[in-house]
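Numbering (mature numbering (1 follows the signal peptide of the UniProt record, and there is no 0)), first residue to last: -16 to -1, 1 to 177.
As structure tokens, then:
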């Protein structure tokens, strides 16, 4: 069988030059791709101080939900407050804003997200942890845990531990991914044989 596979590869590659038979080496691996989707989704947020995105992925590496932090559907982004501090809590964003995790779960394109993984920019808060647990998500991959010592994050970790949900910090292989819309016009097209 090995000989047959080698023979097939040799025939296939003999139709073009050797370079045309090799895959690109600088492609995004799945984890980088999913975290990049979360970060790109975050760019939709109108929040001037925090842009957070989330991407839910099933066991077949298919995206089944995407979300970003924003105001609830039907509530104008121009009417509700975006500030972090005010004399009255009702004049801040906190009672109103929907977190990226909630929106990703609500925006799912499958019957459920049981057994899925969630890529998210920030470690989920306790309220999002409840939703994640109830939705059946089994793994959280986060980029930042900058609020680690807060009560909300401590409660989230406690609930995740009790529910058996794995959470881990994302370690990127590259720190920047550039999206260049002009690049599609500058790459040479390949002839189809």
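For glycine and all other residues, C-beta sits at the position ideal for the given N, C-alpha and C.
Item: From 5, 168, 161, residue whose alpha carbon lies closest to that of residue 188; Value: Coverage of the chain is limited to positions -16 through 177, which leaves residue 188 absent and any answer about it impossible.
Item: First through last residue of the beta strand (DSSP E) which encompasses residue 41; Value: 37 to 41
Item: Between the CA atoms of residue 42 and residue 30 - distance to the nearest angstrom; Value: 28 Å
Item: Whole-angstrom C-beta distance between residue 49 and residue 114, which should lie under 8 Å; Value: Incorrect: roughly 17 Å between the Cβ atoms, too far for contact.
Item: Distance CB(residue 85)-CB(residue 140) smaller than 8 Å; Value: no
Item: Residue 21, enclosing alpha helix (DSSP H) - first and last residue; Value: 14 to 26
Item: Endpoints, alpha helix (DSSP H) assigned at residue 70; Value: Premise fails: residue 70 is in no alpha helix (DSSP H) and is neither H nor E.
Item: Endpoints, the beta strand (DSSP E) within which residue 153 is located; Value: 150 to 153
Item: Bridge-paired residues (DSSP) for residue 123; Value: 101, 150
Item: Cβ neighbours of residue 181 in the same chain (closer than 7 Å, five flanking residues each side left out); Value: Any property of residue 181 remains undetermined from this structure, which presents the chain solely from -16 to 177.
Item: Where the alpha helix (DSSP H) containing residue 163 begins and where it ends; Value: Unbroken run through residue 163: none, as it is neither H nor E.
Item: Contact belief for residue 102 with residue 116 at Cβ below 8 Å, rounded distance in angstroms; Value: 7 Å
Item: Residue span of the alpha helix (DSSP H) that contains residue 87, given as start and end; Value: 84 to 90
Item: Residue -13, buried or exposed, once every other Cβ within 10 Å from all chains shown has been counted against 16; Value: With a pLDDT of 39 at residue -13, under the threshold of 50, the predicted position of this residue should be treated as unreliable, and no value is reported.
Item: Selection from 131, 35, 99 that minimises the alpha carbon distance to residue 54; Value: 35
Item: Residues that residue 47 bridges to, as DSSP identifies them; Value: 41
Item: Identity of the residues DSSP links to residue 128 by a beta bridge; Value: 106
Item: Whole-number beta carbon distance between residue 89 and residue 97, since they are thought to touch under 8 Å; Value: 6 Å
Item: Length of the line joining the Cα atoms of residue 112 and residue 169; Value: 41 Å
Item: Of the listed residues 105, 149, 119, 75, nearest to residue 131 (C-alpha basis); Value: 105
Item: For residue 52, the residue or residues it bridges with in DSSP; Value: 37
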